[in-house]
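Engineer: Pasting in a structure now, in structure tokens, and then I'll have a few things to ask.
Residue numbers (the working numbering): 26 to 106.
Shown next as structure tokens:
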């Protein structure tokens with residue numbers, strides 16, 4: 026099974042798909058931390074320069090975590106809730 030199927034299938038366990046490759050996950054900090062750990066430990070080693078995962082932690086800090094090619098892409102984002 027390819028990454029393009031495995032990662033979305035994994036993420037859909039915790040939230041819902043907003044667009045083809047955009048997920049909204051509204052969960053506890055513990056679950057979010059587990060997702061980040063799983064992406065880092067299970068999936069990231071298989072990412073190529075064509076793969077990107079960006080996590081926006083919507084809180085007072087608005088932390089952005091980048092995996093895969095997205096690590097090299099430091100664009101600014103505007104997020105509207």
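Glycine included, C-beta positions come from ideal geometry on N, C-alpha and C.
Which same chain residues end up closer than 6 angstroms to residue 80 when comparing Cβ atoms and leaving out the 5 residues on each side of it in sequence?
Structural biologist: The residues are 90.
Engineer: Between residue 106 and the rest of its own chain, which residues show a CB-CB distance below 6 angstroms, the 5 nearest in sequence each way excluded?
Structural biologist: Any answer about residue 106 is weak, because its pLDDT of 49 lies below 50 and its placement is not dependable; what the coordinates show is given next. Answer for residue 106: no residue qualifies.
Engineer: Please look up how many angstroms separate the CB atoms of residue 50 and residue 39, rounded, as I've assumed it's under 8 angstroms.
Structural biologist: Indeed, because the Cβ distance is near 5 angstroms, the residues count as touching under 8 angstroms.
Engineer: Starting from residue 44, trace the beta strand (DSSP E) both ways and give me its first and last residue.
Structural biologist: 41–44 is the span of the beta strand (DSSP E), which, as asked, contains residue 44.
Engineer: Please classify residue 78 as buried or exposed, where buried requires at least 16 neighbouring CB atoms within 10 angstroms.
Structural biologist: Per the 10 Å Cβ criterion, buried.
Engineer: Quick one, are the C-beta atoms of residue 92 and residue 56 less than 7 angstroms apart?
Structural biologist: No, the Cβ-Cβ distance between residue 92 and residue 56 is not below 7 angstroms.
Engineer: Which same chain residues end up closer than 6 angstroms to residue 69 when comparing Cβ atoms and leaving out the 5 residues on each side of it in sequence?
Structural biologist: Once the five neighbours on either side are set aside, the close Cβ partners of residue 69 are 92.
Engineer: Starting from residue 82, follow its DSSP beta bridges and name the residues at the other end.
Structural biologist: Partner(s): 88.
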